[in-house]
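Okay, so here's the structure we're looking at.
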Amino acid sequence: MIAEQLNILINLAASDNKIAEKEANVIHMIGKSNGVPKEEIEKMLKSPQPIGDLSAFSEDQRFENLYYIIQLMKSDGQVFKSEVHFCEQIAQKLGYKKGVVSELSSRIYSDPTITADRNMLMERARKFLL
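Sequential numbering of the sequence shown, starting at 2, is according to the numbering used here.
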């Protein structure tokens, strides 16, 4: 499951045609914290795979993916329309309405060391479930 999550993040990072160093660092940090070797992450960064079916994720996993993609979108300090559009598409594939991205993005910090109240965010996200 973590490989799929990392692949989603890599696709988001590449959606503006360039993976910024900060984005790559966030992807490495998430991968490392989930036991994925650095070499495997590097390989994934070099050749992202198409995003598959996300409906098999549990509600917690769907929220986790949503949280990480929004955090990654903000990680390089620039938010491009292509990234917002990508996040909205992934949110929909995860079973959320598009509006969940704007609802949560103001409450999710770009710095992964600053954690938001995840329970509160999850409750807000639930209101956008399809």
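For every residue, glycine included, the Cβ atom is placed at its ideal position computed from N, Cα and C.
So residue i and residue j are supposed to be a Cβ contact under 8 Å. How far apart are they, rounded?
i	j	result
Met-2	Gln-62	7 Å
Leu-73	Leu-10	5 Å
Lys-23	Ser-76	5 Å
Pro-49	Asn-12	5 Å
Considering only residues of the same chain and omitting the five flanking positions on each side of residue i, which have a CB-CB separation below 7 Å?
i	result
Arg-125	Glu-104 and Leu-105
Leu-130	Gly-96 and Tyr-97
Phe-64	Met-123 and Ala-126
Ala-92	Leu-67, Lys-99, Val-101 and Val-102
From the DSSP output, which residues share a beta bridge with residue i?
i	result
Leu-130	Tyr-97
Using only CA atoms, which one of the options lies nearest to residue i?
i	options	result
Leu-95	Asn-120, Asp-118, Met-121 and Ser-59	Ser-59
Ile-20	Lys-98, Asn-35 and Leu-46	Leu-46
Ala-57	Asn-66, Pro-49 and Gln-50	Asn-66
Leu-7	Asp-17, Glu-22 and Val-37	Val-37
Val-85	Tyr-69, Ala-15, Gln-93 and Val-102	Val-102
Asp-17	Asp-118, Ile-31 and Phe-81	Phe-81
Ala-14	Phe-87, Arg-127, Glu-40 and Phe-64	Phe-87
Excluding five sequence neighbours on each side, which residues of the same chain lie with their C-beta closer than 8 Å to the C-beta of residue i?
i	result
Ala-100	A small correction: the amino acid at residue 100 is Gly; Ala does not occupy that position in the sequence shown. Phe-129.
Hey, residue i and residue j: beta-carbon distance below 8 Å or not?
i	j	result
Asn-39	His-29	The question names Asn, yet the displayed sequence has Lys at residue 39. Yes; because the gap between Cβ atoms is below 8 Å, this pair is in contact.
Ile-31	Tyr-68	no
Ile-109	Ile-71	yes
Counting only the same chain and skipping the five closest in sequence on each side, list residues whose C-beta sits under 6 Å from that of residue i.
i	result
Arg-119	none
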